[in-house]
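Just so you know, the sequence shown maps onto residues -24 to -1, 1 to 202 in mature numbering (1 follows the signal peptide of the UniProt record, and there is no 0).
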Amino acid sequence: MMIRIALAGTLFLALTGCGGATTASDPAGDPSGSPTGSAAAPDDGRPTEVPAADGPVATRTIVTVMDTGEGLPQLCLGAVAESYPPQCGGPELRGWSWADQQGVFEHQGDVRWGMFVVTGTFDGTAMDVTHAIPAALYDAAPVDDGSGIEPPDTQQGLGGKQDPRRAEIATDLEQRPLPGQLSVVPTEVSVVVDVVHDDGTIQDWADATYGEGVVEVISALVTVGR
């Protein structure tokens, strides 16, 4: 039986050639960043760690599993450089076995990689793998992930693309990344922030800091069965 999980994004995001509307961040970097004092004060109580998951989670979309041959394989939840082999990084995968994925991954020298939907437990830094679906067997279906997030009404709150407050918020988040932040994308209705994992605490902070629905936090890892 194929597991049906929401497909919410593009499989690859090139590290080069991206426009100014999208800013990728290093999820392994300092989660608190450097204060700017613009849209939110430095001492604003923002989260400083990627929250652990309470129960099993799965990748929201098909992602790249990258194994450079040095250390554990990694789960690439953000941008992937379109080189050969591709280059990316992310949370380490404990319990990953390429022997279980014969014929569905590529390799060059010691480097192995493939496209999967991965399920497991997440402690805030690494994922313990319990199941992986190769991209070729993935059956995508739009389902409600239970986040309950809705974009703000464009007639209330923020205005169009060039809204100065939204630009200020995006700049603040780019300069002071949230824990596990992958990208910041200002849209016509909100500032969309992709993160490795959010159990609701990051979204709650964003709502309290910027206004409800102004910043939409999208978790790359979602609760299974929600």
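The beta-carbon is built from N, C-alpha and C at its ideal position, and this holds for glycine as well. Just so we're clear, the structure is a prediction, and the values are computed from it rather than from any experiment.
One Cα belongs to I194, the other to D174, and the distance between them is close to 8 Å. Only residues of its own chain outside the window of five on either side were considered, and among them T97, T199 and V200 have a CB closer than 8 Å to the CB of G31, listed in chain order. Boundaries of the beta strand (DSSP E) around A196: V191 to T199. At a Cβ-Cβ threshold of 8 Å, G90 and V80 count as neighbours. With contact defined as three or more Cβ pairs closer than 8 Å, the region 44 to 62 and the region 22 to 29 are not in contact. With 16 or more other Cβ atoms inside 10 Å of its own Cβ, Q157 counts as buried.
Residue pairing of R70 in beta bridges, as defined by DSSP: D104.
Selection T147, P155 and P162 evaluated against V172 yields P155 as nearest (Cα-Cα). For Q179, no beta strand (DSSP E) segment is defined; the enclosing uninterrupted segment is the alpha helix (DSSP H) at T177 to Y186. Assigned with DSSP and collapsed to three states, I109 falls in strand. Between P62 and T40 a beta carbon distance of about 6 Å is seen, short of the 8 Å cut, so the two are scored as contacting. Annotation for A143: no beta strand (DSSP E) segment contains it, though the alpha helix (DSSP H) segment containing it runs P140 to Q151.
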